[in-house]
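Note sheet for the following structure.
In our numbering, the protein residues as written are 321 to 636.
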């Protein structure tokens, strides 16, 4: 198992990434081999400082960095020796089994779509977020940002991708799928919601249980909740603010602590052919360590093959 990691992406690169690698190795008995892309003049002294085992990491030197605010497509085209571009090349050519970055989100999405490409049959790859439930369980919400406008068939596919992720990564048997809506009754909502409901209801690949309202998002009413990326991103940012506000006010509670994104690391791009994980720009050691663990789990569970098989069967 070889996991690629962009060492130059994120506000605290490359130190935070090396600290994350150190944490990962300290907590793992049989770690994966890490393929690190970035400036070796900056990375190697940090690897020595944190006593990272030389036999478990390999640095692939790159001379360029895609900054956070650069235009994604233009930057990838013009900076082919950047840590992100080289990382995707290593993944596309089979030299790594997954790729992680906390760098430019747009560049990661463009790289995932065009270097790795979507699984055949998937119309729109998606990104999700994990939602902490009030009873200790965890749900998944998708899309949360890359598909602001969607058609009903896109949400229907998100439900399949989310269900497979919930089953094989979160360990939820027969995950319940809910459609984010403004009422429980069938026929409620805008044109998108009204048109999506019958598709989900007829989809035998999922366990659809009906509509979920805003008040249900953090309750144990559904395991997988689907919506277009505009609504999903609003919910995601609202959820992130819970932790920021309560943390800033010194309010301590184990439930509120679960809203800290560092606990989840990053989000995978679901629907592309190989594991690609995008981290928050402000990721610290814990987030990097958890992103590596997530990549490990996606590879070990063979999630991508299961997703491919699911869409192959729908095509027939």
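Cβ atoms here follow ideal geometry from the backbone N, Cα and C, with glycine treated the same way.
Closest Cα partner of residue i within the set the options
| i | options | result |
| --- | --- | --- |
| residue 550 | 599, 461 and 527 | 461 |
| residue 560 | 542, 545, 546 and 538 | 538 |
| residue 629 | 583, 354, 370 and 439 | 439 |
| residue 459 | 540, 574 and 368 | 540 |
| residue 398 | 370, 522, 379 and 427 | 427 |
| residue 581 | 573, 515 and 602 | 602 |
| residue 477 | 367, 499 and 491 | 499 |
| residue 625 | 595, 509 and 578 | 595 |
| residue 365 | 355, 335 and 329 | 335 |
| residue 620 | 352, 525 and 597 | 352 |
| residue 505 | 479, 533, 597 and 526 | 533 |
| residue 583 | 558, 452, 445 and 444 | 452 |
| residue 408 | 604, 390, 523 and 382 | 382 |
Sheet register partners of residue i (DSSP bridge)
| i | result |
| --- | --- |
| residue 381 | 358 |
| residue 326 | 357 |
| residue 442 | BP columns for residue 442 are empty, so no partner. |
| residue 419 | 324 and 596 |
| residue 496 | 527 |
| residue 609 | Looking at the DSSP assignment, residue 609 forms no beta bridge with any residue, so it has no partner. |
| residue 472 | Beta-bridge pairing links residue 472 to no other residue. |
| residue 544 | 460 and 497 |
Alpha carbon of residue i to alpha carbon of residue j, nearest angstrom
| i | j | result |
| --- | --- | --- |
| residue 472 | residue 401 | 39 Å |
| residue 350 | residue 343 | 13 Å |
| residue 377 | residue 346 | 14 Å |
| residue 494 | residue 481 | 13 Å |
| residue 424 | residue 410 | 18 Å |
| residue 415 | residue 403 | 15 Å |
| residue 617 | residue 489 | 7 Å |
| residue 608 | residue 465 | 21 Å |
| residue 554 | residue 375 | 43 Å |
| residue 432 | residue 418 | 11 Å |
| residue 640 | residue 597 | There is simply no residue 640 to check, as the chain begins at 321 and stops at 636 in what is shown. |
| residue 622 | residue 566 | 38 Å |
| residue 469 | residue 332 | 33 Å |
| residue 384 | residue 373 | 26 Å |
Contact check, residue i vs residue j, beta carbons under 7 Å
| i | j | result |
| --- | --- | --- |
| residue 357 | residue 387 | no |
| residue 363 | residue 612 | no |
| residue 420 | residue 615 | yes |
| residue 496 | residue 454 | no |
| residue 528 | residue 520 | yes |
| residue 360 | residue 379 | yes |
| residue 406 | residue 475 | no |
| residue 552 | residue 463 | yes |
| residue 562 | residue 441 | no |
Residue i: CB within 6 Å of a non-hydrogen atom of the ligand SAM
| i | result |
| --- | --- |
| residue 511 | The model depicted lacks the ligand SAM and carries no ligand whatsoever. |
Exposure label - residue i; buried when at least 16 CB within 10 Å
| i | result |
| --- | --- |
| residue 484 | buried |
| residue 587 | buried |
| residue 535 | exposed |
| residue 487 | buried |
| residue 590 | buried |
| residue 512 | buried |
| residue 329 | buried |
| residue 395 | buried |
| residue 516 | buried |
| residue 569 | exposed |
Within-7 Å CB hit, residue i to chain C
| i | result |
| --- | --- |
| residue 511 | Within the model displayed, chain C is absent; a lone protein chain is all it includes. |
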